[in-house]
Amino acid sequence: MSAPAGWYPDPSDPTRQRWWDGARWAAPAAPVAPAPQVAASGAAPVAVDTNTVWVWLAIVMSVLPIGVLFLIDWDGYLVALSQVTSGFNPTADLLQWEAHVFAVSALSWIAMAAFILFSWLDWRELRRRGVAAPFHWAWSFFALVNGGLAAYMIGRAVVLKRRTVSGGWPPLWVWIGTTALGFVIGIVWMIGFLSKLFTVVGGMAA
């Protein structure tokens, strides 16, 4: 059974095609169409410095809320609490303490807002330096959620690893180190505070 009519490789020249009319080869011939070019899967990594001043400032802002613990007058709270057993009315002292805590806690929200701002400036600077589509700064809004600071820092490092020669690991490791240190300090402080609190509560129960 003869092949159907169509263009086929020329038996006498594989670089050309010849028309087969279903019974014999016709005279017209045409060059073989070149193979389509395969597009590059992505831009080549760029050799730029990814350690912007803004990412370091963002790291500072991310650990600043831990220091808020030490700005609160916890001893004043314990004193006011102990006065309950002494017949004094500590309401005024407690209200003053709560107002102080509210004012100091506002620093944590200011620090998180600064973290978001510095993340945006970091993203903008990376684009200015030639990094194609760095990890988007909007992920830094997860800083407003407990544990969400890691979203921007980890995502930033992973994307820069693919799109730059140097990568973006140093800021991530520094952030992990400072965060871990902050947690250790916070735990040590909490143990000391609970020890004092139990002493005061024990005195109230005696």
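Quick note on this note's numbering: the sequence shown kicks off at 222 and runs consecutively.
Backbone N, C-alpha and C fix where the C-beta goes; we use that ideal spot for every residue, glycine too.
* According to DSSP, which residues form a beta bridge with Val267? -> Answer is Thr385.
* Asked: Can you name the residues that DSSP bridges to Trp390?
  -> Residue pairing by DSSP places Trp390 in no beta bridge whatsoever.
* Quick one: residues in its chain with C-beta nearer than 8 Å to the C-beta of Val259, no 5 flanking neighbours on either side, listed in chain order? => Legend: pLDDT at Val259 = 48, less than 50; position of this residue unreliable, value from coordinates given subsequently. Closer than 8 Å at Cβ, skipping near neighbours: no residue.
* Just the C-alpha distance for Leu328 and Trp396, rounded to the nearest angstrom, thanks. => Whole-angstrom Cα-Cα distance: 20 Å.
* Would a C-beta distance cut-off of 7 Å place Ala279 and Phe339 closer than the cut-off? -> Contact: yes.
* Asked: In terms of DSSP beta bridges, what is Leu246 paired with?
  -> The sequence shown places Trp at residue 246, not Leu. In the DSSP output, where bridge partners are listed per residue, Trp246 has Trp241.
* 8 Å contact criterion, which Ile293 and Val325 should meet: CB distance rounded -> That belief holds up - the Cβ atoms of Ile293 and Val325 are roughly 5 Å apart, short of 8 Å.
* Throw me the rounded Cβ distance for the Ala224 and Trp241 pair, which I believe falls under 8 Å. => That belief holds up - the Cβ atoms of Ala224 and Trp241 are roughly 6 Å apart, short of 8 Å.
* Could you check how far apart the C-beta atoms of Met333 and Leu365 are, in whole angstroms? I think they sit under 8 Å. => The pair is a contact, with the Cβ atoms about 6 Å apart (cut-off 8 Å).
* **Backbone CA spacing between Phe419 and Asp296 [nearest angstrom]** => When only Cα atoms are considered, Phe419 and Asp296 end up about 13 Å apart.
* Asked: If we count the other Cβ atoms within 10 Å of its Cβ and call it buried at 16 or more, is Asp234 buried or exposed?
  -> Answer is exposed; the Cβ neighbour count stays below 16.
* Could you round the C-beta distance between Arg239 and Ala247 to whole angstroms and report it? I think they count as a contact, below 8 Å. => Contact between Arg239 and Ala247 is confirmed by a C-beta separation of about 7 Å, below the 8 Å threshold.
* **Identity of the residue in Leu402, Met282, Asn272 nearest Val352 by Cα** => Of the residues Leu402, Met282, Asn272, the one whose Cα lies closest to the Cα of Val352 is Asn272.
* Comparing alpha-carbon positions, which option in Leu347, Ala244, Val276 lies nearest Trp394? -> Comparing C-alpha distances from Trp394 to each of Leu347, Ala244, Val276 shows the shortest one belongs to Val276.
* Quick one: grab the DSSP three-state call for His357. => When secondary structure is reduced to three states using DSSP, His357 falls in the coil class, being assigned neither helix nor strand.
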